[in-house]
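Remarks on the structure that follows.
Okay, here's the thing in structure tokens:
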């Protein structure tokens, strides 16, 4: 039953962004709603990425199923925040460059999504060395975006 619950959680998590991301931009009545949405999505993504990090760093024992579930959640969440960076949604911790150099921002978001997809593939392999390498690439993508587009 526990395994079935985990599978259902992952399946719902993977399906949800597909249903919501296309209509997310239309759902923001106020800029504050978009800011809250993107910050929430990024917080959930960071939480599950951090859980993988604890395993990669040896702070928690390796459990392939946990890494796979967390990687699936990170992959799903990595698709969500971008719709909430539309015109008129400036604010929060986002720098003005998100909008003034949007092509670079979109490129950074696509890089993250690609690296997260590789992390999910590595997680499915169950090979901690592959997971560690892919984890490092995602971390570099996060740092790149934060350095360029996130206010301190």
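In the numbering used here, the protein residues as written are 122 to 273.
All C-beta atoms in this analysis are idealised placements derived from N, C-alpha and C, irrespective of residue type, glycine included.
Residue range of the unbroken alpha helix (DSSP H) whose run includes residue i
i: residue 220; result: 218 to 221
i: residue 270; result: 249 to 270
i: residue 175; result: 152 to 177
i: residue 201; result: From DSSP, residue 201 is part of no alpha helix (DSSP H); its letter is neither H nor E.
Within 7 Å, strictly: CB atoms of residue i and residue j
i: residue 232; j: residue 177; result: no
i: residue 226; j: residue 219; result: yes
i: residue 191; j: residue 173; result: yes
i: residue 207; j: residue 152; result: no
i: residue 195; j: residue 170; result: yes
i: residue 224; j: residue 266; result: no
Nearest-angstrom Cβ-Cβ length linking residue i and residue j, presumed shorter than 8 Å
i: residue 210; j: residue 156; result: 7 Å
Same chain, Cβ closer than 7 Å to residue i, five either side skipped, listed in chain order
i: residue 202; result: 159, 162, 163
i: residue 239; result: 255, 258
Spatial neighbours of residue i in its chain, beta-carbon cut-off 6 Å, leaving aside the 5 residues before and after
i: residue 185; result: 247
i: residue 198; result: 162, 165, 166
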